[in-house]
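Colleague: Protein chains in written order, with this note's numbering: chain G, 49 to 831; chain L, 49 to 831.
Protein chains: 2
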Amino acid sequence: MGKALNYTAGVGEKAGWVIEEKIFDPSHLGKCEAIFCQGNGYLGQRAALEEAYVGEKRNLFVTGTFDKFDAEEVTELPNLPDLTNLELTIGGCRFGLDSGQLKSYSRQLDLEDGFLSRHVEWVSPAGDEISLDFERFVSLADEHVLGQRVKVSAGNRDVEIKIKSGINGRVTNTGTQHFHEGKMRLHKGFIMEMCSATVQSEVLCCEYAANLFYVDGQRLDLYQLPVIDRRFLAVSASLTLKAGQTLTVEKLACVHTSRDKVYEGEESAKEKVIADGRKHMEGILESGYDALAAASRKAWKEHWATADVLIESQDSYDQIAVRFALYHLNIMVKKDDDRVGIGAKALSGEGYKGHSFWDTEIFLLPYYILTDPNTAKTLLSYRGKSLPGAYRKAKENGFKGAMFPWESAWLDDGEVTPLWGGADVVTGKPMKILTGVLEQHISADVAFAVWQYFIATGDQEFLDRYGYEIVIGTALFWTDRVEWKDKGADGQKCYITDVIGPDEYKEHVDNNAYTNYLVHWNLVLADRMIEELQKEKGETWKKLEEKFQLEQLLTKIRETVDGLYLPLPNEDGIIPQFDRYFDLKKIDLTKYKECDVVGTIYNDYNIEQISSFQVLKQADTILLMLLMDDAFDTETKEKNYRFYEERTLHDSSLSKSTHCIMAAELGWTKEAYHFFRGCLDTDLGQVMTTSDMGIHSACMGGIWQSAVCGFGGVRILKDRLRMSPQLPQEWSKLAFHLVWQGCPLYVTVEKGGTEIKNLGEKDVSFYWGEEEISIPAGEKLMK
Amino acid sequence: MGKALNYTAGVGEKAGWVIEEKIFDPSHLGKCEAIFCQGNGYLGQRAALEEAYVGEKRNLFVTGTFDKFDAEEVTELPNLPDLTNLELTIGGCRFGLDSGQLKSYSRQLDLEDGFLSRHVEWVSPAGDEISLDFERFVSLADEHVLGQRVKVSAGNRDVEIKIKSGINGRVTNTGTQHFHEGKMRLHKGFIMEMCSATVQSEVLCCEYAANLFYVDGQRLDLYQLPVIDRRFLAVSASLTLKAGQTLTVEKLACVHTSRDKVYEGEESAKEKVIADGRKHMEGILESGYDALAAASRKAWKEHWATADVLIESQDSYDQIAVRFALYHLNIMVKKDDDRVGIGAKALSGEGYKGHSFWDTEIFLLPYYILTDPNTAKTLLSYRGKSLPGAYRKAKENGFKGAMFPWESAWLDDGEVTPLWGGADVVTGKPMKILTGVLEQHISADVAFAVWQYFIATGDQEFLDRYGYEIVIGTALFWTDRVEWKDKGADGQKCYITDVIGPDEYKEHVDNNAYTNYLVHWNLVLADRMIEELQKEKGETWKKLEEKFQLEQLLTKIRETVDGLYLPLPNEDGIIPQFDRYFDLKKIDLTKYKECDVVGTIYNDYNIEQISSFQVLKQADTILLMLLMDDAFDTETKEKNYRFYEERTLHDSSLSKSTHCIMAAELGWTKEAYHFFRGCLDTDLGQVMTTSDMGIHSACMGGIWQSAVCGFGGVRILKDRLRMSPQLPQEWSKLAFHLVWQGCPLYVTVEKGGTEIKNLGEKDVSFYWGEEEISIPAGEKLMK
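1. To the nearest angstrom, report how far apart valine 263 (chain L) and valine 297 (chain L) are at their CA atoms.
2. For tryptophan 532 (chain G), count neighbouring Cβ atoms within 10 angstroms of its own Cβ and tell me buried if that reaches 16, exposed if not.
3. Could you pull the start and end residues of the alpha helix (DSSP H) that glutamine 657 (chain L) belongs to?
4. Determine, using beta carbons only, whether leucine 131 (chain G) and leucine 194 (chain G) come nearer to each other than 8 angstroms.
5. Residues in the region 476 to 502 of chain L with C-beta within 7 angstroms of chain G's C-beta atoms, listed in sequence order?
6. Kindly indicate the opening and closing residues of the alpha helix (DSSP H) around lysine 639 (chain L).
7. Do you know whose CA, among G:Lys704, G:Gly50, G:Asn559, G:Leu295, lies nearest aspartate 269 (chain G)'s CA?
8. Kindly indicate which three-state DSSP category leucine 234 (chain G) falls into: helix, strand or coil?
9. Would you check if the region 767 to 780 of chain G and the region 480 to 489 of chain G touch, i.e. whether three or more CB-CB distances between them fall below 8 angstroms?
10. Assign threonine 563 (chain G) to one of three DSSP states: helix, strand, or coil.
11. Taking just the CA atoms, how far does histidine 722 (chain L) sit from leucine 674 (chain L)?
12. Mind checking if arginine 628 (chain L) is an interface residue toward chain G, Cβ cutoff 8 angstroms exclusive?
13. Does any residue of chain G bring its CB to less than 8 angstroms from the CB of glycine 217 (chain L)?
14. Between glutamate 594 (chain G) and leucine 601 (chain G), what straight-line distance do the alpha-carbon atoms span, to the nearest angstrom?
15. Cβ of valine 251 (chain L) within 8 angstroms of Cβ of threonine 305 (chain L)?
16. Does the region 199 to 210 of chain G touch the region 321 to 331 of chain G, meaning 3 or more C-beta pairs lie closer than 8 angstroms?
17. Say whether the region 145 to 165 of chain L touches the region 221 to 231 of chain L, bearing in mind that this needs 3 or more beta-carbon pairs closer than 8 angstroms, one atom from each stretch.
18. Let me confirm a value: tyrosine 562 (chain L) is counted as buried when at least 16 other C-beta atoms fall within 10 Å, else exposed. Which label applies?
19. Are the C-beta atoms of serine 75 (chain L) and some chain G residue less than 8 angstroms apart?
20. Please give me, in chain order, every unbroken run of the alpha helix (DSSP H) with length at least 4 that falls completely inside the region 576 to 604 of chain L.
21. Strictly under 8 angstroms for the Cβ-Cβ distance: is lysine 212 (chain G) near chain L by that measure?
22. Who are the near neighbours of arginine 166 (chain L) in its chain, counting only those whose CB is closer than 6 angstroms to its CB and skipping five residues on each side?
23. From the beta carbon of lysine 151 (chain L), is the nearest beta carbon of chain G less than 8 angstroms away?
24. Can you tell me which of L:Cys302, L:Phe185, L:Gln196, L:Leu188 puts its alpha carbon nearest to the alpha carbon of glutamate 241 (chain L)?
25. Under 7 angstroms between beta-carbons, which chain L residues line up against threonine 100 (chain G)? List them in chain order, please.
26. From which residue to which residue does the beta strand (DSSP E) around aspartate 324 (chain G) run?
27. Using a Cβ-Cβ distance under 8 angstroms, would glutamine 293 (chain G) count as near chain L?
28. Based on the DSSP secondary-structure assignment, which residues constitute the bridge partners of alanine 282 (chain G)?
29. Determine whether the Cβ of threonine 132 (chain L) lies closer than 8 angstroms to any Cβ atom of chain G.
30. Compare the C-beta of glutamate 121 (chain L) with all C-beta atoms of chain G and state if any pair is closer than 8 angstroms.
31. For a contact defined as C-beta to C-beta under 8 angstroms, what are the partners of glycine 89 (chain G) on chain L?
32. From what residue to what residue does the alpha helix (DSSP H) around isoleucine 821 (chain L) run?
33. Would the beta-carbon of alanine 746 (chain L) fall within 8 angstroms of that of phenylalanine 411 (chain L)?
34. Quick check on this structure: which residue in G:Tyr439, G:Ile804, G:Met479 has the alpha carbon closest to the alpha carbon of threonine 522 (chain G)?
35. Name the chain G residues that come within less than 9 angstroms of arginine 278 (chain L), Cβ to Cβ?
36. Quick one: list the residues of chain L neighbouring serine 147 (chain G), beta-carbon separation under 9 angstroms, in chain order.
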């Protein structure tokens, strides 16, 4: 079997925009279900095919509708009743690609307009030759709307076609049912309504769908027989299609929930959502498929106008893969809703239950901060609004201040990391998941992102509202969290023991360098902020003084900053990832590094053995050197990069972008390009098992960062923007948008030089390498 | 496509024992999943195939484990984690009959030993020729045990085989998840354990499974890779099978629950069930597949020795279909557990949620009363133990006494009929289900069955314990339920208005003849019982006197008996099914009666129109005349049979057996045989959509009744057994077992005469037609 994915399906104007699945493989349905996921930040529609298959994952999510099935489980994003299933019976045979004869198959996601289409030529087991064209979209213009169109053409002879299409509430999250059965109704004999609430969070989800039929373009008033069963509502219709004729089915649908932004603070949301849903569905039917589709296309066009990253490369894969990342970065976030974060698998699968991790702050926020600061503000406001949960988590763990949850869902949930994972394969007993308790660096990561956002935007209002409290609240947590121990001659020193760093292959480590350095930075920033606040003694000072007793806290922070142990390079210039790291055994990883799939080390060693090796799942100290750029000199970066890269398996999707950017910074563009390609392959590569549980959201940010921060050399350093591009040999051009201090910039990097256009209405200044430069409003600069 | 089912697959000694599915049809999976269901009264394992298909229903039930998902739903029998799924990958291709080339297919249920086997010859899409033999059993010797064996033989070349086999907790009841995720463990690296409790009733269900591998009969110590995921635990193993070699996989499993009979009243059932399950699983592995299989075969052999009904017919279908019914009658009931009834679909599907209806009393109990009185006692004790629920239902409806639930589950649930059904296809609004409130005849049906049981067994202990209370409690209900109205010259009369009779095509009817006559009978029996009790004034009298104030009740009962309106025949000798029945319009039903499938009248008329016709869904007045045999003379029976038969669609599976027995009684054996065949076809016929939601339990009893009570002429009349056989022309022999007053009888009916053997240790007397005869212990009689 050849490669399933084709990256050159787009031709002419569509070149670089179309990803094609050219082979149907029923044993690898998950890959394209996830990477072809459609959405708009509100809705996420996984791309399960219209007809059902064994092993499919039919997911529809609405962001933020978290629900907890029972006390034993953690809250998760529930899988809504399915709208996309549409079963065809052709001359008595159920249409399905695993039966009959498949003469041609192509499924394409058009990244430019967000449309997913499929062309199939099929001969049924009974010998009917049929050609089918499927198309669907999730509207970017109206977040509630989904459209689907199926064209069936009869080939060799007349054939009876049956269509069964509706709303299926029998779907679950891998067996867990989050919805009450709710109510089903049929309006006007063809408009289907299914309203069901989640079992614990009581979010009422109302879905509407209706089918319209055409033969050779002429509207057909086909009788639609209602099929009403438990958790299932559909209509069934049939007709005889003459050879050469084409039947078109348009399925229009919308989804509204009582958690929708429009009902925020609304007490009668549950009545309103039904009324609004019904009215909207009427409007949708009035507009019709073509108008709805056109509106969505227009919205995508507008988006790309300020979002596209252009790459001219020897391999066109680079261009399409970066656009693939940008596509997902656009549909994974509800840009105006600060009550919800981005899930680790976005809205493309059930993996990680829709929870948000540090992925957002470290891997995704650089993209939003530098291109779409309003969305960045939304995401950080989500952390601000989540402070009650962070206070709660700290309290539950016996600490003061704000301890952000490792996994985050509802604003006030606090920690939602599951307590137990799968069973240990050796002992057979369930394994405790420790990240929720031990992976504490996230609290510093959030503070870090707040400051990056502020530097890029100067958004004082955000600082006043949330920023100061996040940074000072987490600092309070750290002052309480660190452990003071006698250090002999040095007097007292403080340590952070028993944590998990970003490299999750090591649990219960002491003084993880990444953690300690970020905590130090967090404390120093808090010190600076408290000083500023005390100078002015405004409203924010008042609010925070009440909460934290700032004077006292400042003393405590300064003591902790002074006492905190920061691991320093050893005689070889290497910073130990954690205490006694160098005592671990070094093993040869070549075999695993050359492997197409991750985690192969587990085939030879168990977790205890792996814990005793110097092996890393992902960048840890290298990531530290990227974030704390000015704390380490180039030589230290080089040495540590070489040392840790040799020991890193990149078994996390977060790993390669860090190595790409660091290698680019160090001038090793060949190596950087190698890791860049690795990032691209994480979801979009030819390995068909990578994305079953959903795409890797953080990796989408990592791809953008690799291109723009890596090869474009764009970084936020010393409170300023810095650019210092270095294209890899394979590229002749890289062009991208940035927004700095509210000012839109367009940067075009070519081998010959770089052009920076200031598209804004004020002057902008930044570093070009070490050089400070300024571009007046509306002007451009060549470097 | 030819007929899918073959009834002549058994040859030699197996003739008349084997049902074969000879065509695999992925669009009609439900039929054989249900009719090939295996079980032992405790477990019910629906016969979904080992490999998964779209549209399959993979059900495993443990009787009585009812659970209610939420306040909006009613309690139902939950679908337990699946044990039967076993996925094979053959040379890289997933084994499934919808792909590749199916060269031969045969699946057979052996009714004699309860084994289900399947032979498949298959060429994979990659060209590997494989032959597969599947076999499975649910042990009749040890109710917790399931065994499965798969043999895979490589044909044309060496081929890599992968097996994935485990326990899948992702199954639901049509989308409703009744289980917490619970705990999964792996013991000794290969014994899988999944323990999960139901969400509301907190029944802990523990399942164990282990796989053993053999190549050409030699045990293979194959590495079993654990696959542990959400609600899913399996092992995966692979090997290369050489051409000509055979791989055998034995999957042994057991199920224990905290509701098991052994834990009745046990407080620490939840700890015990796990310990017992683990220990049992060890024992199972020690015994091995062959020994477990042999034990089950032995148990079946013992069962058939006193259960078989022999039929010599021109069409061998008659014999196998009756055995098919006997097979299901044996696996549908847990004979020693009086805390649970028989579900309308037994343990073979989700239909009717596992609830018990009047089906048990009127259609199934005659079989158990006359062949297996201990089981009959268990089933009636279930009603006795359910009295608290019946009192509750009466109270909730504003009545005194015992009003048995139309649908019954847990002992103390009371009514569990869902309040709402599917949406009305015309208005689109949800439809109210009225049977739970209006179909009240069940309370008299239960009393009727109590008396039948007592007559057949003389079991005074049962009467004392439950029987009197059921009959008197229901009588109290009826005295309160009837409505007194002025009847002019006749003085006061009482009526029962606004009910649904057995013919559910008519709702809100007044004075349904079936209901009124049975109520009358119920009251008369209560009168007789109270008189008897008052004579002795023993413990039972004391208990019931306290509960019911018998003196006062007796007066009330007698008034009601005197006043109760019993519809009498009109001038044509026809009893009106209910008031104003004759005013309804008569329509020609020929078209619908000739149809293979039921409910076709709905294609032409809606429910309101049907309500205005004289059309019947099922026998109603005819059934009355069967139960109240001595209340009607032969002429009345004949006239009413003719009148109502013409108007009956037999759209209920309960209908045809009644017509068969009545026609046989009236001497119309040709017509009786026609309805007998109709009963057989209900589940076992060639129409492939009849049994998707499960087999029709009551119809299994109806088949036995048609043969034994119809053609065998066996009836309980005037407190005595009566026999008066008349074979249909097609039959030369009918032989069956009976138990009367604890005495086993064996009856052989042939054209030339009937032989009745008294196999018991005491004399037995009964009516032969009108003649009273007696057979001494151990003797036989020819008639």
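For glycine and all other residues, C-beta sits at the position ideal for the given N, C-alpha and C.
Modeller: From the atom records:
1. Their Cα atoms are separated by approximately 9 angstroms.
2. exposed
3. Note, glutamine 657 (chain L): alpha helix (DSSP H), 655 to 659.
4. It is a contact, given that the beta carbons lie within the stated cut-off.
5. Gly476, Lys477, Pro478
6. 638 to 641
7. G:Leu295
8. strand
9. no
10. Helix, per DSSP.
11. 18 angstroms
12. no
13. For glycine 217 (chain L), the answer is yes, since a Cβ of chain G falls inside 8 angstroms of its Cβ.
14. 12 angstroms
15. yes
16. no
17. no
18. buried
19. yes
20. You should have 587 to 596.
21. Contacts with chain L at 8 angstroms (Cβ-Cβ) do not include lysine 212 (chain G).
22. Arg155, Phe182
23. no
24. L:Cys302
25. Note that residue 100 (chain G) is alanine in the sequence shown, not threonine. Simply Val102.
26. Aspartate 324 (chain G) -> not in any beta strand (DSSP E); alpha helix (DSSP H) instead, spanning 317 to 335.
27. no
28. G:Gly214, G:Val275
29. no
30. yes
31. The contacting residues do not exist; glycine 89 (chain G) stays about 26 angstroms from chain L at best.
32. Element bounds for isoleucine 821 (chain L): not the alpha helix (DSSP H) but the beta strand (DSSP E), 819 to 823.
33. yes
34. G:Tyr439
35. Asn221, Thr222, Gly223, Thr224, Glu398, Gly470
36. Those are Pro74, Asp146, Ser147, listed as they occur along chain L.
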